[in-house]
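Chemist: Chains as they are written, first to last, in my numbering: chain A, 12 to 337; chain B, 98 to 708.
Don't be surprised by glycine CBs; every beta carbon is placed ideally from N, CA and C.
Below you'll find the structure I mean.
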C-alpha cells in the first residue's frame with residue numbers, strides 16, 4: 012500500500028516535470044519568455060482577487076451565521092455579562108475593519124492590474140492621509156483600552172474578606188474542591204504532608220482544617236452569591252477554566268492564585284437557555300499538563316441556597332471528631 | 098545586458114581560478130568543493146544553505162500538522178498515513194498516541210517558529226539581500242556567517258534526532274513551561290527529549306546571535322558610497338531592526354533555558370517550588386514558574402516580530418516593484434518598523450494575563466499591546482495605498498505579497514481582542530489564540546517568505562520558477578490558509594482549549610466537530626499545494642529558464658550584479674548610489690524605473706519629495 016503511494020507520487024512528479032518541459036519548450040519555439048507576466052495573466056489574477064473578495068464576504072458572514080450555535084451561551088456570571096458586552100463591542104469594530112480593509116485591498120488589486128503601455132502614478136507620500144490613518148486607529152484603540160482596563164480592574168480586584176472561599180486543587184489529571192466550612196477559613200496545607208489519604212496535604216494540627224469539606228466529583232456553588240476560588244496545584248501548571256462563567260486563572264505550584272465571580276444562572280436555568288436538558292457547567296484544565304490534559308475536568312453545579320446547604324450537609328468534614336475543639 | 102549575465106554564468110565554474118580584479122577581494126585563493134559548497138563563507142551560498150534547510154524543516158513540520166489534524170478531525174479513526182509517518186510505536190494501527198500528539202504539536206511549533214520562520218526567513222534573506230542591496234562584497238565576517246549557518250544546521254539536526262528517541266521528543270508545548278518541562282515524571286517527553294530540545298535551542302541561539310551581530314555590523318559599516326540610511330530599501334530596514342531585536346532578546350532566552358537546565362539537572366529551584374509528583378515530595382522550594390514565563394516571553398514576544406518584520410520588509414519591496422510605484426510613505430514605514438521594534442519589548446506580559454501575575458501589571462500590558470496596533474495599521478494602509486493607481490504586475494511573488502497584507506490585517510484585528518485582558522480571560526489558550534497567531538504571524542510570514550523565494554529566485558539560483566505553477570500554488574495556499582484558520586476562531590469562541598488530544602472526550606464540544614473536519618480538509622488541500630511548490634522549487638533550481646539580469650526592472654542594487662555567483666558580487670568597482678530605491682514611474686523619466694545608481698538630475702529631489 013505505502014509502496015503504491017510512493018510510486019504514484021513519483022510518477023505524478025515525473026509527469027508534471029514533462030508537462031512543464033513541454034510548455035517551456037513550446038514557448039521557446041514561439042520565441043516568448045514563458046515566465047514573463049502578460050496582461051492576460053494580470054487580468055486573470057485581478058479577477059481572482061475580486062472573486063476572492065466576494066468569497067471572503069460570503070464565507071465569513073456565512074460562518075458567523077452558521078456557527079452561531081457552537082458559540083458559548085450567554086454568560087452565567089455577573090462580570091461575564093460585562094465581558095460579553097465588551098466582546099460584542101470589540102467584535103463589531105474588528106469585523107468592520109476586517110471586511111473593509113480586506114475589501115479595499117482586493118479591490119485595489121482588481122482595479123489597478125497592469126495593462127501594457129500603462130504607467131503608474133508617482134505618489135510617494137501624503138502627510139494628511141498618513142496622519143488620518145495614524146490618528147483614527149489611535150482614537151479607536153484608546154476607547155478599546157479604556158473599556159478593557161476598566162472591566163479588567165473591576166473583575167480582578169481582590170475579593171471581599173467575607174466572600175465564600177472554595178479551593179480548587181489541581182493535579183495530574185483531576186480536580187479536588189475544598190469547602191472552608193462555616194468559618195470560611197481554609198485550613199493550612201503543606202505539600203510535604205501529602206499522602207494517598209491526604210491528597211491536599213492538609214495540616215491536621217491547624218484547627219481550621221477540621222471542618223473543611225473535600226469533594227472530588229462536583230463543585231456546587233449557590234446562585235447570586237459571590238464565590239472566591241482559591242487555586243493551587245500539586246505538580247505542574249494547570250489552568251482552571253470555567254468558560255460559561257468567563258472565568259480562568261492558572262494554578263501554579265508553590266503559589267495561590269484567585270478568581271472570584273458571582274454566578275447568576277443555575278444549572279437548571281442554563282438547561283432552559285441552551286435547550287439541552289443534559290447541560291452541565293464544567294471546569295476544564297486549560298494549560299497543557301501532560302498526556303491526559305484533554306480529559307481533566309470537573310462538573311460544576313449552580314443551585315439555590317437551600318440546595319447548596321443540603322449539598323454541604325451531605326459531605327463529611329475532614330476531621331469530624333475535632334470540630335468541637337474549635 | 099542579457100549576454101553579459103550569461104557570460105558570467107558560464108564563467109561560474111571557473112570562478113575559483115579566475116582573478117576578477119576586485120579592488121578589495123581578499124579571497125582569491127583556491128576553493129575546493131568543501132570550501133565552496135559546504136563550509137562556504139560566501140553570503141549567497143550561506144543564504145541557499147539556510148533556505149534549503151528551512152524548506153526541509155518546513156516539510157517535516159507540515160507533515161506533523163497533517164498527522165495531528167487527522168486526529169483532531171476524526172479522533173480514534175485508523176489512518177494508514179498516521180501509521181506510515183509515526184510507526185507502530187506512536188501510531189499503532191494508525192491511531193495517534195496521546196503523548197505523541199503532544200510531541201507533534203510541540204515540535205511543529207518549535208520548528209516553524211525557530212527553524213523555518215526565524216532561521217529560514219532571516220537567514221535566507223538577510224544573508225542574500227544585505228550585501229546585495231547595500232552594495233557590499235559580502236558580510237562583515239564571512240567566518241561568523243558560516244558558523245551561524247552550521248550552528249543552525251546543528252540545531253535543526255539535534256531537533257530532528259530528538260524525534261527518534263525512546264521516550265519521544267519534548268512535549269510540553271513550544272513554550273516549554275516548567276514544571277511540566279522540568280520533571281521527567283510529569284511526562285515522558287520531559288526526559289531526554291527535553292534535554293535535546295534545550296541543546297538544540299542553545300545551538301539556535303548561538304546561530305542567531307552570530308548572524309544577527311553580523312547583519313547589524315554589515316548594515317552600519319559596509320554600505321556603499323551614497324547609500325545613506327534614508328536610502329536603504331525597506332527590506333534592509335526590516336532586517337536591521339529584526340537583528341537588533343534578536344541580539345537583545347535571544348540572550349534572555351538563553352538565560353531562561355540555562356536556569357531550566359540547572360533545575361532539571363542540578364537540583365536548583367529557580368522555577369520549582371512545593372511539588373509533589375510521582376509519589377514523592379521534591380525538595381525544591383522558593384522558585385516560581387512565573388519567572389520562567391517572564392523570561393521566556395521577554396524573548397517570545399519580540400520573537401514574533403523577528404518573524405514578521407522580515408516578511409513585511411520583503412513585501413514592501415515586492416509590492417513597490419510590481420505595482421511600479423514608490424512604496425507609499427517610506428519614512429512612515431521606517432518609523433513604524435522602529436516603533437514596532439521598540440514596543441515589542443514592553444508587551445510580553447499579554448501572554449500572562451491569567452497566569453497569576455499581578456492584575457495591575459495586566460492593565461499596563463493591555464495599554465502597551467494595543468499601542469502596537471497603531472504602527473501595524475499604518476503599515477497595512479500604506480501597502481494598500483501603494484497599490485492605488487499602480488500598474489500591478491501579478492508575478493507569483495506579488496500575489497504572495499498581497500496575500501500577506503490580507504492575512505496580516507485579518508490576524509491583526511483579532512489581536513485587538515486578545516490584547517484586551519478582560520476578553521483574554523475566556524480566550525486564553527483556546528483555539529482563538531491558535532487561529533490568531535497562525536494567521537497573523539504563521540501564514541503571513543510564510544506568505545512573505547514564499548514571496549521572497551519567488552521574487553529573488555533569480556538571485557538565489559540564477560533561474561526563474563515556473564509562473565503558472567506559482568499561480569496555482571498561491572491560490573490553493575491562500576484559500577486553504579483562510580479555510581483552515583478562519584473557522585478556527587469559532588472553535589475558540591466555543592471555548593475549546595488548545596493542545597487537547599481530542600475534544601470529543603465529553604459532550605460539551607461535540608457540536609464543533611464538523612468545523613474540525615472542515616479545517617482538516619483545508620489543511621490537506623494546503624499541504625497538497627505545497628507539493629506543487631516543492632516540485633517547482635527543485636525543478637527550477639536545476640532546469641528553470643535562465644533569468645536576465647534585471648527581470649523585474651527593479652531599482653535596487655542586487656539587480657546591477659551580473660546573473661552569476663560572482664564572489665564579491667560586483668566584478669568591477671562597487672556601484673555608487675545616488676537616490677532612494679523607490680523611483681518607479683517617476684515623472685520626467687521615460688522608463689518606469691530609475692535604478693539607484695542613476696545620478697540625480699540637476700534640481701531633482703531625492704526620496705520621493707514631490708517638488
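For a quick check, are the C-beta atoms of residue 314(B) and residue 237(B) less than 8 Å apart?
Modeler: To locate residue 314(B), count along the second chain from 1; it is residue 217. To locate residue 237(B), count along the second chain from 1; it is residue 140. Contact: yes.
Chemist: Under a Cβ-count criterion, where at least 16 other Cβ atoms within 10 Å of its own Cβ denotes burial, should residue 453(B) be classed as buried or exposed?
Modeler: Working through the second chain from its first residue, we reach residue 453(B) at position 356. By the 10 Å Cβ count, residue 453(B) comes out buried.
Chemist: Can you list the residues of chain A that residue 490(B) reaches, using a CB-CB cut of under 8 Å?
Modeler: Taking the first residue of the second chain as 1, we reach residue 490(B) at position 393. Going along chain A in sequence order, the residues near residue 490(B) (Cβ under 8 Å) are 48, 53, 125.
Chemist: Do you know how far the Cα of residue 488(B) is from the Cα of residue 32(A)?
Modeler: Start at 1 with the first residue of the first chain, and residue 32(A) comes out as number 21. Start at 1 with the first residue of the second chain, and residue 488(B) comes out as number 391. Taking the straight line from one Cα to the other gives about 31 Å.
Chemist: If you compare alpha carbons, which of 692(B), 682(B), 691(B), 698(B) is closest to residue 129(A)?
Modeler: As a first step, residue 129(A) is located in the first chain; it is residue number 118 there, counting from the start. The shortest C-alpha separation from residue 129(A) is found at 682(B).
Chemist: Once DSSP output is grouped into helix, strand and coil, what is the label at residue 488(B)?
Modeler: Position 391 of the second chain, counted from the first residue, corresponds to residue 488(B). Looking at residue 488(B) - three-state DSSP - the assignment turns out to be coil, as it is neither helix nor strand.
Chemist: Return the bridge partner residues of residue 252(A) from the DSSP annotation.
Modeler: Residue numbering aside, residue 252(A) sits at position 241 when the first chain is read from its first letter. Bridge partners of residue 252(A): 259(A), 295(A).
Chemist: I want to verify the contact list: residues of chain A whose CB lies under 7 Å from the CB of residue 602(B), in sequence order.
Modeler: Here residue 602(B) refers to the residue found at position 505 when the second chain is read from its first residue. Ordered by position in chain A, the residues that pass the 7 Å Cβ test against residue 602(B) are 305, 306.
Chemist: Compare the C-beta of residue 572(B) with all C-beta atoms of chain A and state if any pair is closer than 8 Å.
Modeler: Locating residue 572(B) in the second chain gives position 475, counting from the first residue. Closer than 8 Å to some Cβ of chain A, the Cβ of residue 572(B) qualifies, so yes.
Chemist: Let me see if you follow: with CB-CB separation under 8 Å, is residue 652(B) close to chain A or not?
Modeler: On the second chain, position 555 is the one that residue 652(B) refers to. Not an interface residue.
Chemist: How big is the Cα-Cα spacing for residue 182(B) and residue 621(B)?
Modeler: The residue you call residue 182(B) lines up with position 85 of the second chain. The residue you call residue 621(B) lines up with position 524 of the second chain. So the two alpha carbons sit approximately 15 Å from each other.
Chemist: Under 8 Å, Cβ to Cβ, is there at least one residue of chain A near residue 413(B)?
Modeler: Residue numbering aside, residue 413(B) sits at position 316 when the second chain is read from its first letter. So, not an interface residue.
Chemist: Name the residues in the region 231-246 of chain A whose C-beta lies less than 7 Å from a C-beta of chain B; which are they?
Modeler: Answer in chain order: 245, 246.
Chemist: Counting only the same chain and skipping the five closest in sequence on each side, list residues whose C-beta sits under 7 Å from that of residue 548(B).
Modeler: In the second chain, counting from the first residue as 1, residue 548(B) sits at position 451. Same-chain partners within the cutoff: 411, 412, 415, 494, 497, 498, 501.
Chemist: Out of 270(B), 239(B), 262(B), 231(B), which has the shortest C-alpha to C-alpha gap to residue 198(B)?
Modeler: Walking along the second chain from the start, residue 198(B) turns up at place 101. Among 270(B), 239(B), 262(B), 231(B), the Cα nearest to that of residue 198(B) is on 270(B).
Chemist: I want to see whether chain B comes within less than 8 Å of residue 260(A), judged by CB atoms only; does it?
Modeler: Here the question's residue 260(A) lines up with position 249 in the first chain. With 8 Å as the cut-off, residue 260(A) counts as an interface residue toward chain B.
Chemist: Classify residue 123(B) as helix, strand or coil using the three-state DSSP reduction.
Modeler: By 1-based counting over the second chain, the position of residue 123(B) is 26. With a pLDDT of 48 at residue 123(B), under the threshold of 50, the modelled position of this residue cannot be trusted, and the question is left open.
Chemist: Given residue 581(B), which residues of its chain have a CB within under 7 Å of its CB, disregarding the five upstream and five downstream residues?
Modeler: Sequence index remark: in the second chain, residue 581(B) carries index 484 (1-based). Counting only Cβ-Cβ distances below 7 Å, and skipping sequence neighbours, we find 616, 619, 620, 623.
Chemist: If the cut is a Cβ gap below 7 Å, which residues of chain A does residue 643(B) touch?
Modeler: Position 546 of the second chain holds residue 643(B). Result: empty, since nearest Cβ-Cβ is about 10 Å, beyond 7 Å.
Chemist: So for residue 255(B), helix, strand or coil by DSSP?
Modeler: For the purposes of this step, residue 255(B) is taken as the residue at position 158 of the second chain. Residue state, collapsed to three classes: helix.
Chemist: Tell me which residues share the same chain as residue 121(B) and place their Cβ nearer than 7 Å to its Cβ, disregarding the 5 neighbours each side in the sequence.
Modeler: On the second chain, position 24 is the one that residue 121(B) refers to. Bear in mind that the predicted position of residue 121(B) carries a pLDDT of just 45, short of 50, making it too unreliable to give a figure here.
Chemist: For residue 177(B), collect the residues of the same chain with a Cβ closer than 7 Å to its Cβ; drop the 5 residues on either side in sequence, then sort them by chain order.
Modeler: Locating residue 177(B) in the second chain gives position 80, counting from the first residue. Result list for residue 177(B): 191, in chain order.
Chemist: May I ask which residues mark the beginning and end of the beta strand (DSSP E) holding residue 310(A)?
Modeler: Looking up residue 310(A) in the first chain gives position 299. Run containing residue 310(A): 308-314, per the beta strand (DSSP E) assignment.
Chemist: Roughly how many angstroms lie between the CA atoms of residue 140(B) and residue 542(B), to the nearest whole one?
Modeler: Here residue 140(B) is taken as the residue at index 43 of the second chain, counted from 1. Here residue 542(B) is taken as the residue at index 445 of the second chain, counted from 1. Near 22 Å, if we compare the C-alpha coordinates of residue 542(B) and residue 140(B).
Chemist: At the level of alpha carbons, what is the spacing between residue 544(B) and residue 477(B)?
Modeler: The residue you call residue 544(B) lines up with position 447 of the second chain. The residue you call residue 477(B) lines up with position 380 of the second chain. In a straight line, the C-alpha of residue 544(B) is about 15 Å away from that of residue 477(B).
Chemist: So residue 561(B) and residue 644(B) are in contact, right, with Cβ under 8 Å, and what is the actual spacing, rounded?
Modeler: Mapped onto the second chain, residue 561(B) falls at position 464. Mapped onto the second chain, residue 644(B) falls at position 547. At roughly 5 Å, the Cβ-Cβ gap stays under 8 Å, so residue 561(B) and residue 644(B) are in contact.
Chemist: If you count every other CB in all the chains shown that lies within 10 Å of the CB of residue 700(B), and 16 or more means buried, which is it?
Modeler: Here residue 700(B) refers to the residue found at position 603 of the second chain. The residue in question, residue 700(B), is exposed, as its Cβ has fewer than 16 Cβ neighbours within 10 Å.
Chemist: How about residue 115(A): is its C-beta nearer than 8 Å to some C-beta of chain B?
Modeler: The residue you call residue 115(A) lines up with position 104 of the first chain. With 8 Å as the cut-off, residue 115(A) counts as an interface residue toward chain B.
Chemist: Can you list, in chain order, the residues of its chain with a C-beta nearer than 7 Å to that of residue 173(B)? Leave out the 5 residues immediately preceding and following it.
Modeler: As a position in the second chain, residue 173(B) is number 76, starting the count at 1. 192.
Chemist: Apart from the five residues just before and just after residue 230(B), which ones in its own chain have a Cβ nearer than 7 Å to its Cβ?
Modeler: Indexing the second chain from 1 puts residue 230(B) at position 133. Excluding positions up to five away in sequence, the list reads 330, 332, 333, 653, 654, 655.
Chemist: Where are the alpha helix (DSSP H) runs, 4 residues long or more, that stay fully inside the region 249-318 of chain B, in chain order?
Modeler: Listed in chain order, the complete alpha helix (DSSP H) runs (minimum 4 residues) inside the region 249-318 of chain B are 289-318.
Chemist: Measuring CB to CB, does residue 148(B) end up less than 8 Å from residue 217(B)?
Modeler: Locating residue 148(B) in the second chain gives position 51, counting from the first residue. Locating residue 217(B) in the second chain gives position 120, counting from the first residue. A contact, by the Cβ cut-off of 8 Å.
Chemist: Let's test the definition: count the other Cβ atoms within 10 Å of the Cβ of residue 30(A) and tell me whether it reaches 16, buried, or not, exposed.
Modeler: Against the first chain, residue 30(A) aligns to sequence position 19. Residue 30(A) is exposed by the Cβ-count criterion.
Chemist: Enumerated in chain order, which unbroken segments of the alpha helix (DSSP H) with a length of 4 residues or greater are wholly contained in the region 142-191 of chain B?
Modeler: Correct list: 177-187.
Chemist: Are any of the Cβ atoms in chain A nearer than 8 Å to that of residue 522(B)?
Modeler: As a first step, residue 522(B) is located in the second chain; it is residue number 425 there, counting from the start. By this cut-off, residue 522(B) is an interface position.
Chemist: Whose Cβ in chain A lies nearer than 8 Å to the Cβ of residue 459(B)?
Modeler: Working through the second chain from its first residue, we reach residue 459(B) at position 362. Those are 163, 167, listed as they occur along chain A.
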